[in-house]
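**Q**
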Amino acid sequence: MLHRPGEQEPSRHDGSGSFLTPAGGGELRVGMVGHGFMGAVHSLAWRSAPVAFGLAVPVALVALAGRDPAATAAAARRFGWSEPETDWRRLVERDDLDVVDICTPGDSHAEIALEALRAGKHVLCEKPLANSVAEAEAMAAAAASASALGVRSMVGFNYRRVPAVALARDLVAAGRLGRVRHVRACYLQDWLVDPDFPLTWRLQRDRAGSGALGDLGAHVVDLVGFVTGEELVGVSALAETFVGERPLPEPAGAARGLGGRGGAGRGPVDVDDAVVALGRLARGGLVTLEATRMAPGRKNALRFEVNGSEGSVSFDFESMNELWVHEVGSAHAGVGGFTRVLVTEPDHPYLEGWWPPGHGLGYDHSFANQARDFVEAVRSGQDPSPSFADGLAVQRVLDAVEASAAAGAAWTSCVVGGLAGEPATRLEEGS
Ligand SMILES: NC(=O)c1ccc[n+]([C@@H]2O[C@H](COP(=O)([O-])OP(=O)(O)OC[C@H]3O[C@@H](n4cnc5c(N)ncnc54)[C@H](O)[C@@H]3O)[C@@H](O)[C@H]2O)c1
4 MLHRPGEQEP SRHDGSGSFL TPAGGGELRV GMVGHGFMGA VHSLAWRSAP VAFGLAVPVA
64 LVALAGRDPA ATAAAARRFG WSEPETDWRR LVERDDLDVV DICTPGDSHA EIALEALRAG
124 KHVLCEKPLA NSVAEAEAMA AAAASASALG VRSMVGFNYR RVPAVALARD LVAAGRLGRV
184 RHVRACYLQD WLVDPDFPLT WRLQRDRAGS GALGDLGAHV VDLVGFVTGE ELVGVSALAE
244 TFVGERPLPE PAGAARGLGG RGGAGRGPVD VDDAVVALGR LARGGLVTLE ATRMAPGRKN
304 ALRFEVNGSE GSVSFDFESM NELWVHEVGS AHAGVGGFTR VLVTEPDHPY LEGWWPPGHG
364 LGYDHSFANQ ARDFVEAVRS GQDPSPSFAD GLAVQRVLDA VEASAAAGAA WTSCVVGGLA
424 GEPATRLEEG S
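Just so you know, we're using this note's numbering here: the sequence shown kicks off at 4 and counts up by one.
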């Protein structure tokens, strides 16, 4: 419940679900860690969500943490944050913040999130939730304990918030596709095709956990679960590193986002460039998954097609305002096939906040939609989705993919207590 001026202010830890603290004045006060690619996009989102959706509570961009004082101060000015901080630990301890938004590489997610939850801050954490199942388990456990005290947490699988993706899920959930039989899902990029692209943190196992798998595959795995409403129960996978050595970044640690410059020294790549996997859904559907940063010409081709007993949907992020839909028996004579739905109508998911029909959305809008859902969950005292438990479930699938690839594509369970090496139980249609 929202606290109104004049009412007695609840404690952060009274389990009431309110985020307000005495100094907050009714604002949701955000602190963010990291000011690279995601730092920029999240900054935009925190500012545009209240404009687009007229949120019931104002959002204040209070403090931005980075490591380099000059770069952090410059980013804070440019992105619209009131103050820079050069130590995320100080940021997390500040008593004038309600939310910590984690936009750093995966090697620091667990540490920052655990400290922030301990300090009673709501947490939005970029994907993948962590670099290992053990870290993700600790985070999910801490999030569950914090939730009992009214502290919320969410993992940033932003593609769920693309309107066409949310519409695909709504169609599946409404039964319009019938029983899901096939999912074909891939995430294709090409920025590693150049063998002289430098060895940035995304190519280092100790920083990123894995390569294309955790970077891109995490989104694909999340979307398979989100769109179908079903869990992946097992996988058989292959992984490949096509370029085994790359130039070291120059200057060291300067690379941001998907860019960077290489110097004279070289180092080994210890993550995958690409993964492919077969999978099985809980109700028996068959899944193919692919993630690569080595597909020339594919820039951000996050694609999926779902085939059910009653119809299909097909999505490609490079045409993100469109969803292709086919319903069995709906075709008119001679002009059957998929129908292109322009997902920009006011009654489509999230579109109530945006522009008139046909005035399409872009990448950053998915983050604004994510910020809207996070703020609304905190305001109303609900746990947002995807939760840290959802992030842990994705992590288990990523772990199973790696284990399967290491074992020559052996069938590997993604489910706790599942039997490795044995295809998951298949449910007959109609059962
Ligand atoms: N949701 C998406 O579509 C999407 C897209 C890209 C990246 N990501 C995720 O976002 C996260 C960040 O990726 P990015 O592309 O913004 O990276 P980036 O390299 O552009 O920026 C990382 C930022 O974190 C800072 N940083 C690194 N370690 C730190 C530490 N220990 N303490 C404080 N600051 C630290 C860096 O200085 C930099 O400001 C990753 O988890 C990545 O997987 C998500």
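Think of the CB as a built atom: it goes at the ideal place given N, C-alpha and C, for glycine as much as any other residue.
All values reported here derive from a predicted model rather than from experimental measurement.
(1) Out of G212, A74, P61 and A403, which has the shortest C-alpha to C-alpha gap to D101?
(2) Can you name, in chain order, every residue of its own chain whose Cβ lies under 6 angstroms from the Cβ of L289, other than the five neighbours on each side?
(3) So which of V54, A74, E248 and D98 has the shortest CA-CA distance to G34?
(4) Of the choices S322, A374, A63 and G332, whose alpha-carbon is the least far from that of P343?
(5) What is the rounded straight-line gap between the Cα of A277 and the Cα of G37?
(6) Between the region 197-212 and the region 352-365, can you find at least three pairs of beta-carbon atoms closer than 8 angstroms?
(7) Cβ of R306 within 8 angstroms of Cβ of F318?
(8) Just to confirm, does F318 get its C-beta within under 7 angstroms of one of the non-hydrogen atoms of ligand 1?
(9) Alpha carbons only, please: which of A68, L202 and W91 is nearest the one belonging to R80?
(10) Please name the residue, chosen from S312, S369, G340 and V338, that lies closest to P352 on a Cα-to-Cα basis.
(11) Please state whether the Cβ-Cβ distance between R269 and R296 is less than 8 angstroms.
(12) Check D104 in the structure and name its three-state DSSP category.
(13) Assign P188 to one of three DSSP states: helix, strand, or coil.
(14) Kindly indicate which three-state DSSP category A74 falls into: helix, strand or coil?
(15) Between the region 165-178 and the region 142-157, do three or more beta carbon pairs fall short of 8 angstroms?
(16) What would DSSP say about M142, mapped onto helix, strand or coil?
(17) Measure the beta-carbon distance from L170 to F391 and round it to whole angstroms, keeping in mind my assumption that it falls under 8 angstroms.
**A** This is what the structure gives:
(1) The residue labelled residue 101 in the question sits at position 98 within the sequence shown. Distances from the alpha-carbon of D101 to those of G212, A74, P61 and A403 put P61 closest.
(2) Stepping through the sequence shown from its first residue, residue 289 is reached at position 286. Excluding positions up to five away in sequence, the list reads H185.
(3) For the purposes of this step, residue 34 is identified with residue 31 of the sequence shown, where counting begins at 1. Nearest of V54, A74, E248 and D98 to G34, Cα basis: D98.
(4) Here residue 343 refers to the residue found at position 340 when the sequence shown is read from its first residue. According to the sequence as given, residue 343 is Arg; it is not Pro. Closest in C-alpha terms to R343, from the list S322, A374, A63 and G332, comes S322.
(5) Locating residue 277 in the sequence shown gives position 274, counting from the first residue. Locating residue 37 in the sequence shown gives position 34, counting from the first residue. Approximately 27 angstroms, taken between the alpha carbons.
(6) Output reads no: the region 197-212 does not touch the region 352-365.
(7) For this step, residue 306 is matched to residue 303 along the sequence shown. For this step, residue 318 is matched to residue 315 along the sequence shown. Against a cut-off of 8 angstroms, the Cβ pair of F318 and R306 comes out as a contact.
(8) As a first step, residue 318 is located in the sequence shown; it is residue number 315 there, counting from the start. Not under cutoff, so the answer is no.
(9) Locating residue 80 in the sequence shown gives position 77, counting from the first residue. A check of alpha carbon separations from R80 across A68, L202 and W91 identifies A68 as the nearest.
(10) As a working mapping, residue 352 is identified with position 349 in the sequence shown. When only C-alpha atoms are compared, the closest one is S369.
(11) For this step, residue 269 is matched to residue 266 along the sequence shown. For this step, residue 296 is matched to residue 293 along the sequence shown. No, Cβ-Cβ distance for R269 and R296 is not below 8 angstroms.
(12) In the sequence shown, the residue the question calls residue 104 occupies position 101. Secondary structure of D104 (DSSP, three-state): strand.
(13) As a working mapping, residue 188 is identified with position 185 in the sequence shown. In the sequence on display, residue 188 carries Ala and not Pro. Here A188 sits in strand by DSSP.
(14) Indexing the sequence shown from 1 puts residue 74 at position 71. It is helical.
(15) The answer is no - the region 142-157 does not touch the region 165-178, with fewer than three Cβ pairs under 8 angstroms.
(16) Counting from 1 along the sequence shown, the entry for residue 142 is found at position 139. In this structure, M142 counts as helix in the three-state DSSP scheme.
(17) Here residue 170 is taken as the residue at index 167 of the sequence shown, counted from 1. Here residue 391 is taken as the residue at index 388 of the sequence shown, counted from 1. Incorrect: roughly 26 angstroms between the Cβ atoms, too far for contact.
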